[in-house]
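One structure below.
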Amino acid sequence: MSDFPKHGVCVYIKDSLKSCRCRDTALIPNVLPIFLPDYSLYILTIYRPPSNSPTDNAELVAFITRFCVGKEVLLVGDFNLPSIHWQSESPGDGVTARDELFLNLFDTLGLIQLVREPTFIRSGNVLDLVLSSERDRVQNVVLCPPFPHCGHVLVMFDYLFQGESTNNDPNHERPVVRDWYKGNYDSIRSALLNIDWDLELSYRDVEGTSEFIRKALFDLTCLHVPERKLQVSRPPWHKHIPRALVRHRSLAWVTYKHERSQFGRTSYQARQSLYEFNRLNIDLMTTTIHLQENYEKSLIEQRASKPKLFHAYIRKKKVSRPKVGPITVRDVLTDSPSAMAESFADAFSSVFVADDLRNPYPHQTSLGQLANINFIERDVQLVLESLKADSSMGPDYLHPYLLKTCAAELSYPVTKLFQKSLNAGLVPNLWKQSWVSPIFKKGSHFDPLNYRPISLTPVLCKSMERLVARQLFGFLDGHFILDDSQYGFRPNRSVIDQLLLTYNYITDWYDKGMVVDLIFFDFKKAFDVVHHKTLLDKLVSIGIAGNLLAWIKSFLCGRLMKVCVGGAFSSTRDVLSGVPQGSVLGPLLFLIFINHIGSQLSSKYMIFADDLKLYFHIPKSKLNNVNYIEEIQEDINTLFNTASSWGLSFAADKCVHLRYARSVQVPVVGSFYTLNGAPIQSRSFHKDLGITVESNLKFHQHIRNTVNKAGGISSNLLKSTV
Numbered sequence: 001m002s003d004f005p006k007h008g009v010c011v012y013i014k015d016s017l018k019s020c021r022c023r024d025t026a027l028i029p030n031v032l033p034i035f036l037p038d039y040s041l042y043i044l045t046i047y048r049p050p051s052n053s054p055t056d057n058a059e060l061v062a063f064i065t066r067f068c069v070g071k072e073v074l075l076v077g078d079f080n081l082p083s084i085h086w087q088s089e090s091p092g093d094g095v096t097a098r099d100e101l102f103l104n105l106f107d108t109l110g111l112i113q114l115v116r117e118p119t120f121i122r123s124g125n126v127l128d129l130v131l132s133s134e135r136d137r138v139q140n141v142v143l144c145p146p147f148p149h150c151g152h153v154l155v156m157f158d159y160l161f162q163g164e165s166t167n168n169d170p171n172h173e174r175p176v177v178r179d180w181y182k183g184n185y186d187s188i189r190s191a192l193l194n195i196d197w198d199l200e201l202s203y204r205d206v207e208g209t210s211e212f213i214r215k216a217l218f219d220l221t222c223l224h225v226p227e228r229k230l231q232v233s234r235p236p237w238h239k240h241i242p243r244a245l246v247r248h249r250s251l252a253w254v255t256y257k258h259e260r261s262q263f264g265r266t267s268y269q270a271r272q273s274l275y276e277f278n279r280l281n282i283d284l285m286t287t288t289i290h291l292q293e294n295y296e297k298s299l300i301e302q303r304a305s306k307p308k309l310f311h312a313y314i315r316k317k318k319v320s321r322p323k324v325g326p327i328t329v330r331d332v333l334t335d336s337p338s339a340m341a342e343s344f345a346d347a348f349s350s351v352f353v354a355d356d357l358r359n360p361y362p363h364q365t366s367l368g369q370l371a372n373i374n375f376i377e378r379d380v381q382l383v384l385e386s387l388k389a390d391s392s393m394g395p396d397y398l399h400p401y402l403l404k405t406c407a408a409e410l411s412y413p414v415t416k417l418f419q420k421s422l423n424a425g426l427v428p429n430l431w432k433q434s435w436v437s438p439i440f441k442k443g444s445h446f447d448p449l450n451y452r453p454i455s456l457t458p459v460l461c462k463s464m465e466r467l468v469a470r471q472l473f474g475f476l477d478g479h480f481i482l483d484d485s486q487y488g489f490r491p492n493r494s495v496i497d498q499l500l501l502t503y504n505y506i507t508d509w510y511d512k513g514m515v516v517d518l519i520f521f522d523f524k525k526a527f528d529v530v531h532h533k534t535l536l537d538k539l540v541s542i543g544i545a546g547n548l549l550a551w552i553k554s555f556l557c558g559r560l561m562k563v564c565v566g567g568a569f570s571s572t573r574d575v576l577s578g579v580p581q582g583s584v585l586g587p588l589l590f591l592i593f594i595n596h597i598g599s600q601l602s603s604k605y606m607i608f609a610d611d612l613k614l615y616f617h618i619p620k621s622k623l624n625n626v627n628y629i630e631e632i633q634e635d636i637n638t639l640f641n642t643a644s645s646w647g648l649s650f651a652a653d654k655c656v657h658l659r660y661a662r663s664v665q666v667p668v669v670g671s672f673y674t675l676n677g678a679p680i681q682s683r684s685f686h687k688d689l690g691i692t693v694e695s696n697l698k699f700h701q702h703i704r705n706t707v708n709k710a711g712g713i714s715s716n717l718l719k720s721t722v
């Protein structure tokens, strides 16, 4: 008989990585925790034998709970939990009591399991797991062939951290970074009042007027707004530490060194001076911790009014996952900002639609007309005063804090600029330039098409857009043009409103014993493929004319973009289609573009921006009636044909069908309908505007996801605060 254990854990670490082994697992067998100090990451490798007793399992769960709190932890290993169906989207159905113990543990800690394919060949179960609370860090999970005579496959994955960024970009001249909150705005306002705007702007065209105002403000900021000095990064509460305490502590250390050199380390004088230094040192540490606690409490109290400050503090407390990338560029993975910027620019440009559309579906018509807008100085001042001071400036380098602070003095010349721009039907060329930031949506971080392009445009342009959008909204509402089923980007309408109305219909039909079908449609890059000519034709058909139509055309056409990643900019690209995401007017123009899409449908439908769903009830007596099913399929075909004629396309693999039915004889899973010949996959649950809805009208999966997310957030907060 051998005294050696049958099981164990082995971890190999690259020599270039700093690491150390945690020593608090003496009583927990088959567990090996490793700490990587450069990344503040704990890697917990675990083997849980199937022969573990309930006591062993309880001790392991207690250890994992204790170990993971307050840390960023990656859990990997063979957990032997065969009854958890990780391949399905509802892994908790039918699990054993033992496995449920671990499943609840993972949910409580906010851990996401990333392995979805079988890892044990003989049984086809997922036994080897990769769990992390940072769901976006783990990417590219790949299962490789097993070693000889081994029943487990190899699990390989990437764990992402922020790569180095660069500010050296030959394609872009970076501006001087200024401390906008320390500017001498009294002098700026006085100088603006001394400019004879009537004289200076009377003979200038739109381009000249815009450039004169921009240059006047730019020159004044160079004179009166200081450059931001590079300072050593200190905690926000550092300035509140009593200087006297720091000074006394320093003097105590000097005294101790002097007494030690004069009388020896073991002398009474040296011991007394060391005792005094330690006392002051503890007082300083206690004071610092107390100040940090007070600062974090103030952040929590202000989180509703200053959410950016709260989340920025949390992000700075840990080694960050890359916000962008790394991405695959010509089959090579790179995190170089300049290479990623060019690749994103190529990807975003590839979806643009420039060709004329053939036989577009008839547009909506209206008897009203809106041809011109008159700007009022007071309205312009209110818009400038309402700017968010902490938002970013655009390609014109005019910071919103500058415009907000000088709103009263700038309202007159800016009003003249807005009116002149609209009357001429021209948008200044600088206003058509945008810096595009890629924002990750979902899927693989390595694919640039899985990012949403958000445009950063000049603040003055967005201010004018806000006034134009207000007039345009009033016209649309006054003539009842917008579809009543559209809930996106509209005042007094919300996600909750749409969800309540939708599921009120569904539950009513469900209670009456009917079968209800709900189909979710997913558009491909809907905002980026808006065809400009088709959109302008739609504007004409609803009554937009004259100078306003010409101005919107100028706003859409001839746009330029640069993609910014980690301080590096891509080369300039033409924007051939779409409405700019991140602008004020873009969402409203998209609503007009998609507004008439459901006019010929017999089924009920709801739409939130580009999220569209059809829902309809089927009496049980007609469930097997082929004609009734064909009527529903005809609605789907009509929707597809209408969208296609306007240049919009659907992602068939992301369109989902849910069936609500009381009877167990009614099938729930399968393919009932098709989209352009491709089957629409039926599922038992799906995420609808952030809420996971289930075909049994329960919310178990949504609650599970919420608990998991809450666990991740709480873990993040615990490891980021004192």
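Each residue of the sequence shown is one higher than the last, beginning at 1 in our numbering.
Every residue, glycine too, gets a C-beta built ideally from N, C-alpha and C.
Inter-stretch contact at 8 Å, needing at least 3 Cβ pairs: the segment 566-584 / the segment 517-524
In short, these stretches do not touch, since the Cβ pair count stays below three.
Rounded separation between D610 and V656 - CA only:
Cα to Cα, the separation comes out at about 15 Å.
Look up I314 in the DSSP assignment and give the residues it is bridged to.
In DSSP, I314 forms no bridge with anything.
Please confirm whether A354 and L536 have their CB atoms less than 8 Å apart.
At a Cβ-Cβ threshold of 8 Å, A354 and L536 do not count as neighbours.
Check whether G110 and A710 have beta carbons under 8 Å apart:
The Cβ-Cβ distance between G110 and A710 falls below 8 Å.
What are the boundary residues of the alpha helix (DSSP H) that G208 is part of?
For G208, the enclosing alpha helix (DSSP H) stretches over residues 206-224.
If you count every other CB in all the chains shown that lies within 10 Å of the CB of K613, and 16 or more means buried, which is it?
Here K613 is buried: its Cβ has 16 or more other Cβ atoms, across all protein chains shown, within 10 Å.
Straight-line gap, L114 to G598 (C-alpha atoms, nearest Å)
Between L114 and G598, the alpha-carbon positions lie close to 39 Å from each other.
Is the Cβ-Cβ distance between H596 and D136 less than 8 Å?
Pairing H596 with D136 gives a Cβ-Cβ distance that is not under 8 Å.
Sequence-distant residues of the same chain with beta carbon closer than 8 Å to H311, five excluded per side
So the list is empty, once near-sequence residues are dropped.
Spell out the partners DSSP gives I618 in its beta bridges.
Residue pairing for I618: DSSP places it in a beta bridge opposite V515.
N-terminal and C-terminal residue of the alpha helix (DSSP H) that Q486 is part of
Under the DSSP assignment, Q486 falls outside any alpha helix (DSSP H); it carries neither an H nor an E label.
Can you check DSSP and say which residues form a bridge with V142?
Looking at the DSSP assignment, V142 forms a beta bridge with M156.
Straight-line CA distance for F418 to E631?
A straight-line Cα-Cα distance of about 51 Å links F418 and E631.
Separation of K420 from S555, as counted between CA atoms:
Residue 555 is actually Phe in this sequence, not Ser. Answer to the nearest angstrom: the Cα atoms are 14 Å apart.
Which value, in whole angstroms, describes the spacing of the CA atoms of H617 and F699?
Those two C-alpha atoms are separated by around 21 Å.
Leaving out five residues before and five after A661 in sequence, what residues of the same chain have Cβ atoms less than 6 Å from its Cβ?
Only residues of its own chain outside the window of five on either side were considered, and among them V515 have a CB closer than 6 Å to the CB of A661, listed in chain order.
Segments of 4+ residues assigned as alpha helix (DSSP H) that fall wholly inside the segment 270-352
Secondary structure remark: continuous alpha helix (DSSP H) runs of at least 4 residues inside the segment 270-352, in chain order: 307-316, 337-350.
Just confirm the distance between the C-beta atoms of Y42 and V69, as a whole number of angstroms; I'd bet it's less than 8 Å.
11 Å between Cβ atoms; not a contact.
Using three-state DSSP, classify R247 as helix, strand or coil.
Looking at R247 - three-state DSSP - the assignment turns out to be helix.
Beta-carbon separation of Y401 and Y505 under 8 Å?
The Cβ atoms of Y401 and Y505 lie no closer than 8 Å to each other.
Taking a contact to mean a Cβ-Cβ separation below 8 Å, would you say I46 touches V31 in this structure?
Inclusion of I46 and V31 in the CB contact set at 8 Å is warranted, their separation being smaller than that value.
I'd like the list of long-range same chain contacts for G712, defined as Cβ closer than 7 Å, with 5 residues on each side in sequence excluded.
Once the five neighbours on either side are set aside, the close Cβ partners of G712 are G110, S133.
With 16 as the cutoff for other CB atoms within 10 Å, does S682 come out buried or exposed?
By the 16-neighbour rule on beta-carbons within 10 angstroms, S682 is buried.
Whose C-alpha, out of N140, F348, C461, is nearest the C-alpha of V206?
Of the listed residues, the one whose Cα sits closest to V206 is C461.
Can you have a look at F344 and say buried or exposed, based on whether 16 or more other CB atoms are within 10 angstroms of its CB?
Result: buried.
Might you give, ordered along the chain, the residues of its own chain that have their beta carbon closer than 6 Å to the beta carbon of Y256, omitting 5 neighbours on each side?
Annotation for Y256: S273, L274, F277 place their beta carbon closer than 6 Å to its own, counting only its chain and skipping 5 residues before and after.
For the pair the segment 279-299 and the segment 232-243, tell me if three or more CB-CB distances fall below 8 Å.
Touching, per the Cβ criterion.
Under 8 Å, do P458 and D396 count as touching if we go by C-beta distance?
It is a contact, given that the beta carbons lie within the stated cut-off.
Have a look at V76 and V324 and give me their C-alpha separation to the nearest angstrom.
Straight-line Cα distance between these residues: approximately 25 Å.
Taking 8 Å as the threshold (C-beta atoms), are S455 and V436 in contact?
Going by beta carbons, V436 and S455 fall inside the 8 Å limit.
Using CA atoms only, rank isn't needed, just tell me which of M393, Y605, S411 is closest to E377.
Looking from the CA of E377, the closest CA among M393, Y605, S411 belongs to S411.
Selected residue, minimal CA-CA separation from S602, among Y628, L589, S250:
Looking at the Cα atoms, Y628 is the closest of the given residues.
Exposed or buried, what is L131 when buried is set at 16 or more other beta-carbons lying within 10 Å of its beta-carbon?
Answer is buried; the Cβ neighbour count reaches 16.
Cβ neighbours of I481 in the same chain (closer than 6 Å, five flanking residues each side left out):
So the list reads S366, I542, once near-sequence residues are dropped.
What are the complete alpha helix (DSSP H) segments, minimum 4 residues, inside the segment 382-409?
Runs found: 400-405.
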